[in-house]
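Using my numbering, read the sequence shown as starting at 98 and increasing by one per residue.
Glycine is no exception: its CB is placed at the ideal position from the N, C-alpha and C atoms.
To keep things clear, I will list the structure first and then write my remarks on it.
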Amino acid sequence: MTLDRRNHWQKIYSDRQSNEVSWFQSYPAISLRMIEQTKISKHSRIIDVGGGASVLVDHLLQLGFNQLSVLDIAANALDAAKQRLAGQAEKVNWIEADITQFQPIEKYDLWHDRAVFHFLTQASEQKAYVNVLKQSMAKDGFVIIASFSVGGPEKCSGLPIVQYDESKIKAVLGDEFRLLEICSEVHITPSKQQQDFSYFLFQYL
Ligand SMILES: C[S@@+](CC[C@H](N)C(=O)[O-])C[C@H]1O[C@@H](n2cnc3c(N)ncnc32)[C@H](O)[C@@H]1O
């Protein structure tokens, strides 16, 4: 695990409440709409990559999904989510890992990543992520990746990011992923800044 990267994120989550971070959403509308649209069963395996303290998992539990994993590099972000969920937390598989080095032991039917892949600015890290993604996915499984849009912010959490549009994300993921949908979102941060996000829904062939 890259220590600098882990320290950065642990510090962010120890300095701020989960609902004060710039990416906070109380209702992850596009993610939930895309997940429901895939029509996967409630027993499908879903992983929220870099889920941090996001409330997506709360909503998925409420909808009846029962094979949920949340992975993050920052253990304290996962702890915040576990505390919030209280008794429900034991229904979730919590994984502390750097996604570029993750070794999956199961196949996922749906992979969700909001604002994580875009931090990988080096081609070697992007390649490592895509290799992990391919090892992790069940055939015909769905992949949702949300990043800052081309023309949107150039940094997230003080770190440089890569902005994606259709051609850039397709080029980096390769031919084994078929693009099904793109959706734009103007996210309003807790400090009322606007951030343009693009959500890409793929199917793994
Ligand atoms: C901008 S936040 C987004 C959090 C969440 N996906 C959401 O939308 O609310 C990025 C998250 O990715 C995690 N993260 C960053 N780099 C990571 C990596 N290489 N592997 C796993 N998690 C990572 C951070 O700890 C943080 O929780």
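Buried or exposed: where does Asp101 fall if 16 or more other Cβ atoms within 10 Å of its Cβ makes it buried?
Classification of Asp101: exposed, given that the 10 Å Cβ count is below 16.
Is the distance from the Cβ of His284 to the Cβ of Phe294 below 8 Å?
Yes, Cβ-Cβ distance for His284 and Phe294 is below 8 Å.
How would you write the range of the beta strand (DSSP E) that Asn191 sits in, first residue to last?
The sequence shown places Trp at residue 191, not Asn. Segment 189 to 193, the beta strand (DSSP E) holding Trp191.
Have a look at Lys231 and Tyr124 and give me their C-alpha separation to the nearest angstrom.
So the two alpha carbons sit approximately 29 Å from each other.
Heavy atom of ligand 1 less than 7 Å from the Cβ of Ile127, yes or no?
Because no heavy atom of ligand 1 lies under 7 Å away, the Cβ of Ile127 does not count as near it: no.
Do Asp176 and Gly148 have their C-beta atoms within less than 8 Å of each other?
For Asp176 and Gly148, no; Cβs fall outside 8 Å.
Taking 7 Å as the cut-off, does the CB of Arg211 come closer than this to any heavy atom belonging to ligand 1?
Indeed, a heavy atom of ligand 1 lies less than 7 Å from the Cβ.
Check whether the Cβ of Thr197 sits closer than 7 Å to any heavy atom of ligand 3, and report yes or no.
This structure simply doesn't include ligand 3; it includes ligand 1 instead.
Assuming the contact rule is C-beta atoms closer than 8 Å, Lys139 and Phe162 should be a hit. Round their C-beta distance to whole Å, please.
5 Å between Cβ atoms; contact.
Let's see if you can read the secondary structure: which residues bound the alpha helix (DSSP H) around Ser295?
Segment 291 to 301 is the beta strand (DSSP E) holding Ser295; no alpha helix (DSSP H) there.
State the DSSP-derived secondary structure class of Val167, mapped to helix, strand or coil.
Of the three classes helix, strand and coil, the one that applies to Val167 here is strand, per DSSP.
Considering Cα atoms alone, identify which of Leu157, Lys224, Asp210 is closest to Phe245.
Here the closest residue by C-alpha is Asp210.
Using the Cα positions of Leu182 and Leu165, report the straight-line distance between them to the nearest angstrom.
If you take the alpha carbons of Leu182 and Leu165, they lie about 13 Å apart.
Thinking C-alpha only, which one of Ala126, Leu129, Gln107, Ser141 is nearest Met234?
Among Ala126, Leu129, Gln107, Ser141, the Cα nearest to that of Met234 belongs to Ser141.
What number of angstroms, rounded off, separates the C-alpha of Gln114 from the C-alpha of Glu278?
One C-alpha to the other measures close to 33 Å.
Which residues does DSSP list as the beta-bridge partners of Glu278?
Answer by DSSP bridge pairing, in chain order: Leu298.
Give the list of continuous beta strand (DSSP E) stretches no shorter than 3 residues that lie fully inside the segment 179 to 239.
Taking only runs of at least 3 residues, the beta strand (DSSP E) segments lying wholly in the segment 179 to 239 are 189 to 193, 205 to 211.
CB of Leu230 to nearest heavy atom of ligand 1: below 7 Å?
No; taking the cut-off as 7 Å, the Cβ of Leu230 has no heavy atom of ligand 1 nearer than that.
Please classify Ile202 as buried or exposed, where buried requires at least 16 other C-beta atoms within 10 Å of its C-beta.
Exposed, because fewer than 16 other Cβ atoms sit within 10 Å of the Cβ of Ile202.
Among Val259, Gly238, Leu256, Leu302, which residue has its Cα nearest to the Cα of Ile143?
When each option's Cα is compared against that of Ile143, the closest is Gly238.
How about the segment 215 to 232 and the segment 185 to 204: do they share at least three Cβ pairs that are nearer than 8 Å?
Yes, since at least three Cβ pairs between the segment 215 to 232 and the segment 185 to 204 fall closer than 8 Å, the two stretches touch.
Rounded to the nearest angstrom, what separates Val247 and Lys265 at their Cα positions?
The straight-line gap from Cα to Cα measures roughly 10 Å.
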